[in-house]
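Structure, as C-alpha cells:
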Amino acid sequence: MSQRVLPQKTYYLVFAALLLLTLVTVEVAFFDMGILNFSIALAISTCKSLIVILYFMHLRYSSRLTWVVAGAGFFWLFILMALTMSDYLTRAWLSVPGW
Amino acid sequence: MRIGQGRSRLTEIHAVPAHQFDDLDQQREASSLGMWVFLVTEIMFFGGMFTGYTVYRHAYPEVFADASRRLSVVLGALNTSILICSSLTMALAVRSAQAGKRRALIGFLVLTMLLGSAFLGIKSVEYAHKFHEHLVPGATFTFPGPRAQHAELFFSFYFAMTGLHALHMVIGIAILGALVALSWRGRFCPEDYAAVENTGLYWHFVDIVWIFLFPLLYLISRT
Amino acid sequence: MRLDFPLFPEQASTVAGRVDALYFFLVAVSVVFSSLIFMLVGYFAVKYRRRSDAEWPRPILGDLRLELLWTIVPLGIALVMFVWGASLYFTISRPPAEALEISVVAKQWMWKFQHPGGQREINALHVPMGRPVKLTMTSEDVIHSFFVPVFRVKMDVLPGRYTSMWFEATKAGDYHSFCAEYCGTQHSGMLGRVIVLVPAQYERWLSAAAVGESPAAAGARLFQQLGCQNCHRADSGEKGPALDGLFGRPVRLQGGATVFADEAYLRESIFDPNAKIVAGYRQVMPTFRGQISEEGLFQIIAHIKSLTKEETAKAR
Amino acid sequence: MRTPASEPREHYLNVSYGVRSWLFTTDHKRIALLYLLAITFFFFVGGAFAVLIRLELMTPAGDLVQSETYNKLFTMHGLIMVFFFLIPSIPAVLGNFLVPMMIGARDLAFPRLNLASWYIFIVGGLFTMFAVVAGGVDTGWTFYTPYSSTYSNTHVVATALGVFITGFSSILTGLNFIVTIHKMRAPGLTWFRLPLFIWAHYATSLIMVLGTPVLAITIALVAIERVLRIGIFDPALGGDPILFQHLFWFYSHPAVYIMILPAMGVMSELVACFSRKRVFGYGFIAFSSLAIAVLGFLVWGHHMFVSGQSVYAAIVFSILSFLVAIPSAVKVFNWTATLYKGSISYQTPMLYAFGFIGLFTVGGLTGLFLASLGVDVHVTDTYFVVAHFHYIMVGGVVMGYLGGIHFWWPKISGRMYPEGWGRLAALVIFIGFNLTFFPQFLLGYLGMPRRYHFYPPEFQVLNVMSSAGASILGVGYLIPMVYLIWSLRYGAVADSNPWEAKGLEWQTPSPPPTQNFEQTPVVQDEAYAYWPGEVEVD
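Residue numbers (my numbering), protein chains in the order written: chain A, 229 to 327; chain B, 5 to 227; chain C, 44 to 359; chain D, 99 to 636.
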C-alpha cells in the first residue's frame, strides 16, 4: 500500500485524460480503417487501463512485488489467449497445398 | 476539537495489528498484496470470457460487427464516462482516508455509490431495450438475416460479460455502503484504512474491465 | 475367461510399424531411466543404511556439473522424441492424394459409412488391402472418436465440422474399431468392425453390396431438387460462381483473401453462405442448414468433387 | 525442552472444547484438521465408486450395473477424487497445518478467510453430493460439450455449481499461502532458507490463483448454456466444442501440478530427514517447482492431439510438453543424489518416499509417450492414459500425502503411529497399486478405450489382474485409517522431534500451542542443516 498522498491535481489530470481517450475511441470507431480500427481501440483501452492502474491504483508508487503481481495477471491472460488462438489461426493451414 | 480528540483516541485503540501480524506495516502490506492477488484471479475469471469472445469474433467478424451496431453507442459512452467519474471519486475517497478527512471520505464514498448506481440504472435501461428488441439469447431471440445464430453468440457474450461486470458493480456498491457505515463510526484513520484502499483497487479494476468491454462490444464497427 | 490373451496389438497398417518403432524407443528410454533410478535408490538405500542412531553423515551441497548433465541429457532425448513424434504425426494427419474416400457419419450410438460406389454400411467397414483409405467424418450429435487399434490411428468426430483420418491396411482380417471419446450411455456399445479384404475379395464385396447409385449421382439429384443449378451453372453469370473445377483449387474472396476449396469450405458455404463471399458475387444465397442431412451433404460434396474430376478429364 | 506427558500442557487441541470451538476456529491447525475430516470422507466415497468400477470390469459383459450407472460411477469417481480429494489433499491439510509453522508464523495471513475457504469447500461438496444422491451425473469429470451442455439427462448443473464453488475455496487457499509466504516469514528466514515444502506450496498456490478462475468461468458458461439453451460451446447453435476443451484444460492440466507439486514438497522433506542429508541441489529443486508452475500452463493442448485442433498448434504444445518433463526429472535425480552417502533409515514415511520416487518415475516417463504426437494418437483416450495419470495421482500424490501424514502425525496428534503396521500398509499399498495399474498400460496399448462399460473378451485377463490389485489397494488404504485413529488414544506419546528432523515445526512441542511458538523463532541457518555438531535443538 502506498503511504504517499498524491496531489489532487494528479487525479483530475488522469480523469481528464480518461474522458478524452473515451471521446477519441468513440470518434475513431466511425471511420472505416479496416484492421486498424481494432488495433486503435485496443491501444486506447490499454492506455486507459494503464493510467488507471498507475495512478488511481497507485501502482507507480507501489513495491516491485506489486508490479510483478499485476504483470503476472496480464501475462497469464496473454498465455491463455495466445495459445488458444494459435489453434484457431492455423487450423486451415494443413489443407493448403505446399504447406 | 472534540472530533479531533475522538479520532486520535480511536486511532490508538485500533492501531493494533491482528494477532498473526507483528506490526501494522506487515498487516498493511499483507492485505494490499492479498488484494492484488485477488485482482489477478479476477483478470483470469474475466479472461476466460474475453478468450471466448476473441475466438468467435475472429470466426464471425461481419456478424459481430452487425450485432454490435444494435447496441447504443450513446448509452455505452455515457456509462463509460460515469464509470470514469466514479473511479475519480473513489480515488479521491482513498485520498481523503489517507489524509484522515472523515467527512470528505464519506462524501466521496457516497458519490461513488451514486455514480455506480447510475451506471447500473442505464445498464438496466439497455437490457430492457434488448429485451423488447428480442435480442436476449434464448427462445425469443430474433435477428434479421441468415446468420442469426452467430449474432446470438455475440449477444450471449454481451450479456454474460456485462452481466458479470454488473454483478461486480453490485457487490462493489454493497461494500461501499459498508465502508460508509464504518467511516461514519470513525473506523478509519491515516494509519489504518486498508479496507478503503482495497475497495478502491477493486472498484478501479471493475472500471478497467469496462474500459475493455466498451470498445469490444459497442465499437466493433460504426461505419 | 480367454487365457490366450494378447499382450500387444497386431500391426495392420503402414503407419503401425512406425508408431510401434517410436513406442519401443520410448519404452527403451523409460526402462533405461527407471532402472537407473531404481538401482541407484536401491543401492544407496542398502549401502548407506543407518547403522547407528548417532550417525550424522557429512553434507554435500550439490554439483553443478551433475545438474547440467541431468538437465541437458534428458532435454536432448526429449527433443529426439519430439521430432520423431511430430514427423509421424504429419504422416498420420495428411492423407495421400489418391486415397479411396469414404464418408463417415457418427451418431449416438452407431457409425454410418458410405463408399464412393454408394455402398452403405453400419458399424462395419470393408476396406481393401494395400490402398490408402481416407475417412471424412462428422457427427450428428456429440463428439465421438474413430479408433482402430491395429492401424494405430484415431481421430475425433465432431458435430458441425469435418475431420479426416487415413490408413493403408497391410493385412487382411477382421478387426475392432472403437469409439474413443466418451459419448453417453452406450459409448462402449459403439463397437465396430473393420474388415480388410484382399483386392479381389474387395471387388466381390463391392459388387455384392452395390446399391446402384453412387454418392455423386445421389448428390447430383439432390443438387437438382434443391434448385442449386439455378445459380451454380457454367453460364449462370452473376448469380453464383460455377462449380466445375472448383474442388481442390484456391478461391479468391471478397476483401482479397484466398481460401482453399476443400470439404470444410464447401460445407461452410452451403450451411453458412455469407461467411465467405467469392470475389465478384453478392450475398444472395440462402442457408441450407436444416434442409440437408449430414449424409445428403456428403453426397452433394461428392457431386461437386465429381465436377472437378470431369473437368480434369476433359482437359486431358 | 520436553514436557512430560503426565503434566497437562495447553496446546491447540485442548485449548478449548466443543463443536463450536472447531466450527468457528480461525486456527490454521484446527482448520487443517477440519479439511482432513472432509477429504477423508470424500476419499472413501470416491474410493467406493472405484471399487464398483473395478468389480464391473471383472467380466467383459456389462453385468453388475447398467451402462447409465457405470457412466455415473466413473464420472463421480473422477469428480470427487480430483476436485474434493486430490486438489485439496496436501495443500489444505498438510499445507494449512505446516506453512505457518515452517516459516515461524503464528497463523496464515488471513485466518478468517482460511475458515471461509473450508466452508466454501463444504458447500461445494454438498452441491456435488446432492447431485450424487439425486441420481448422479454422467458427463465424465471433463464435462465435454456438447454432451454436458445439451445431451446429458443427468444433474449437470448441480455438479457444475459444486465444482464452481469449490474452485473459490482453492483460490482463497492459494491466495492465503502466497501472501503468508511473502509477508509472514520469521526474521532471518530468507527465500533460500525456506524448506522446499514451502517452495512447492508457493508454486502450487500460483497455479491455484492463476488457473482456477478460468475453470470456474468455463463451468459457469456450460451451466448457463444448459439452462438457457444458448450455444456458446454447442456447434448446433454456432459454438465450438474445441473452445471448451481449450478453456477446460487451461486449468485442468496445470491442476495436475497443483496436485503433484505439494507431494514433491513432502518428498524433499522426507528424503532429507530420513537420510540425514542436506537436499542435493536445493536451488535446482526450488526453481524446478516454479518452472513446473509456469511451463505447466503452456502444455494443455496435449490433451487435444486428436480433437480437431490445428496440427501446428499440436506441434507447439508437444514440444512444450516435453520441456515440462525436464524439471520433474531434475527433481527425481536430486532426490536420488540426496541418498548418496546418507544415513538412511526405513521408517514408514521413507518407505512412502521410496514408493513415490519409483511410481512417479514410471508415471513421468509414460507422460513422454503422451507428449509424443505420433504415439499419442494411438494411446490417447485409452487405458494407457488412465494408467499414466493414476501413476502420477495415486502413485505420486497419494503416496506423498500418506508419507506426509505419517511424518507429521506426531506433530499433528502428539502420538506415534504403530511403526510395524505403518510399514506393512506402505508395502501393501505399493504392491496393490502396481498390480492395479500396470496392466492398464498394456490394455491401453492393446487399444482398450477408457470409460468402457463392457469390452471385447480378449481384454479380460488384464482387467481381472487390475481388479485383483484394486482389492489389495483398498485394504492397504483401510489399514492406516484404522491404526491412525487407534493411535490417537493408544499410541506412544510423541516428543517434539521424534525424527530428529530440522525445520521450525519440530522446534515447538507436539502438539503445538495455538500460537505455534512460545517466541517468534529467529532463523540463522539453511533449511536442511543435517550435519554433525548441530544435532541438538534447544
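Quick reminder that beta carbons are idealized off the backbone N, C-alpha and C, glycines included.
- For D:VAL117, the uninterrupted alpha helix (DSSP H) segment begins and ends at 117-121.
- Residue pairing of C:TRP154 in beta bridges, as defined by DSSP: C:ALA149.
- Membership of C:VAL196 in the beta strand (DSSP E) is indicated by the continuous run 196-200.
- Assignment of beta-bridge partners to C:ALA167 by DSSP yields C:ARG236.
- Per DSSP, reduced to three states, the secondary structure at D:MET402 is coil, with no helix or strand assignment.
- Contact with chain D is absent for C:GLY216, since none of that chain's Cβ atoms lies less than 8 Å from the residue's Cβ.
- The DSSP assignment places complete alpha helix (DSSP H) segments of no fewer than 4 residues inside the stretch 472-539 of chain D at 481-490 and 497-511, in order along the chain.
- Taken atom to atom, the span from the alpha-carbon of D:LEU270 to that of C:ILE120 is near 40 Å.
- Taking the C-beta atoms as reference points, A:VAL254 is found no nearer than 8 Å to B:HIS208.
- For C:LYS197, a Cβ of chain D is located within less than 8 Å of the residue's own Cβ.
- Closest in alpha carbon position to D:ARG548, among D:THR252, D:GLY238, D:PRO209 and D:VAL180, is D:GLY238.
- Using a Cβ distance threshold of 8 Å, D:THR478 and D:PHE557 do not count as a contacting pair.
- For C:LEU111, the closest C-alpha among the options D:TRP604, D:VAL428 and D:ALA258 is that of D:VAL428.
- For the stretch 105-119 of chain C, the set of residues with a beta-carbon nearer than 9 Å to any beta-carbon of chain B is empty.
- Among the residues of chain C, those whose CB is under 9 Å from the CB of B:ARG151 are ASP315, ASN317, ALA318 and THR330, following chain order.
- For the stretch 124-157 of chain B, the set of residues with a beta-carbon nearer than 8 Å to any beta-carbon of chain D comprises PRO141, GLY142, ALA143, GLN153, HIS154, GLU156 and LEU157, in chain order.
- At a cut-off of 8 Å between beta-carbon atoms, A:SER314 makes contact with chain D.
- Taking 8 Å as the upper bound for CB-CB distance, B:SER90 and B:THR116 are in contact here, some 5 Å apart.
- For B:ASP70, the enclosing alpha helix (DSSP H) has its first and last residue at 65-72.
- In the three-state scheme derived from DSSP, where H, G and I count as helix and E and B as strand, C:TYR66 is classed as helix.
- Shown here, D:ASP125 sits in coil according to DSSP, grouped into three states, outside any helix or strand.
- Looking at the DSSP output, C:MET208 shares a beta bridge with C:LEU178.
- C:SER257 and C:GLY161 do touch by the CB rule: their CB atoms are close to 5 Å apart, below 8 Å.
- Taking 8 Å as the cut-off, the Cβ atoms of D:LEU533 and D:ALA566 count as close.
- D:ARG521 has its alpha-carbon roughly 7 Å from the corresponding atom of D:LEU449.
- The C-beta separation of D:VAL621 from D:ALA229 comes to about 47 Å, leaving the pair out of contact by the 8 Å criterion.
- Around the beta carbon of A:ILE263, a 10 Å sphere encloses fewer than 16 other beta carbons of the protein chains shown; the residue is thus reported as exposed.
- Under DSSP, C:ASP217 forms a beta bridge with C:ILE238.
- Rounded to the nearest whole angstrom, the CA to CA distance from D:PHE415 to D:HIS401 is 9 Å.
- Taking the Cα of C:SER188 as reference, the smallest distance to any Cα among C:TYR308, C:LYS90, C:ALA140 and C:ALA149 is reached at C:ALA149.
- It is roughly 45 Å from the alpha-carbon of D:PRO244 to the alpha-carbon of B:ALA95.
- Not one beta carbon of chain B lies nearer than 8 Å to the beta carbon of D:VAL221.
- Closest in alpha carbon position to D:ASN595, among D:PHE452, D:PRO508 and D:LEU121, is D:PRO508.
- When D:MET200, D:THR123, D:GLU367 and D:ILE185 are compared, the shortest CA-CA separation from D:THR618 is found for D:MET200.
- Within the stretch 127-209 of chain B, the alpha helix (DSSP H) runs of at least 4 residues that lie entirely inside it are, in chain order, 152-188.
- Membership of C:PRO293 in any alpha helix (DSSP H) is not indicated; the residue belongs instead to the beta strand (DSSP E) covering 293-295.
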